[in-house]
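Trainee: Submitted below is the structure of interest, expressed as structure tokens.
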Amino acid sequence: QVQLVESGGGLVQSGGSLRLSCAASGSVSSSNAMGWYRQAPGKQRELAAHIGTTGTINYAGAVKGRFTLSRGDDKNTVTLQMNSLKPEDTAVYYCRYTTNYGREYWGHGTQVTVSS
4 QVQLVESGGG
14 LVQSGGSLRL
24 SCAASGSVSS
34 SNAMGWYRQA
44 PGKQRELAAH
54 IGTTGTINYA
64 GAVKGRFTLS
74 RGDDKNTVTL
84 QMNSLKPEDT
94 AVYYCRYTTN
104 YGREYWGHGT
114 QVTVSS
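Okay, so the sequence shown: first residue is 4 according to my numbering, each after it adds one.
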């Protein structure tokens, strides 16, 4: 089992910044993929940013240039720095951890609210 602890999030004005962190523990290894996904009210969960096992990072088009994903040296923590936030970034943000054999784990989610 893998446990995910998310931190960060909150309320910020449009144009502001927030940082989300996710730490994985338990049956973890350095051969994993991690990322942040988000779900706005009434919408499907979607990718925000993801880092694969090789270190390749992918961003959703809507956040590219504003969000930066980084991974810790232990490969089991990820941080999402979110700048120039917009009201449309308002959502619950979820951390996802994928093991090297494809099993997925999700965090409980953290609310990000951007006021206009």
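Ideal Cβ placement from N, Cα and C applies to all residues, glycine included.
The structure presented is a predicted model; accordingly, all values stated were derived computationally and were not measured.
Distance check for E49 and L72, CA to CA, integer angstroms please.
Mentor: For L72 and E49, the distance between alpha carbons rounds to 16 Å.
Trainee: Within the same chain, show all residues whose beta-carbon is closer than 8 Å to that of I60, passing over the 5 residues directly before and after it, in chain order.
Mentor: Contacts found: A52, H53, I54 and L72.
Trainee: Quick check: what's the CA-CA separation for D92 versus R106?
Mentor: C-alpha separation (whole angstroms): 28 Å.
Trainee: Where A43 and V95 are concerned, what is the direct C-alpha to C-alpha distance, given to the nearest angstrom?
Mentor: About 6 Å.
Trainee: Under the rule that 16 or more other beta-carbon atoms within 10 Å means buried, what is V8, buried or exposed?
Mentor: Under this definition V8 is an exposed residue.
Trainee: Who pairs with S24 in a beta bridge, going by DSSP?
Mentor: DSSP output for S24 lists S10 and T82 as bridge partner(s).
Trainee: Considering only the alpha carbon of each residue, which of Y104, N79, S118 and G112 lies closest to S87?
Mentor: Ranking Y104, N79, S118 and G112 by Cα distance to S87 puts S118 first.
Trainee: Apart from the five residues on each side of it in sequence, which residues of its chain come closer than 7 Å, Cβ to Cβ, to G12?
Mentor: Counting only Cβ-Cβ distances below 7 Å, and skipping sequence neighbours, we find L21, L23, Y96, T113, Q114 and V115.
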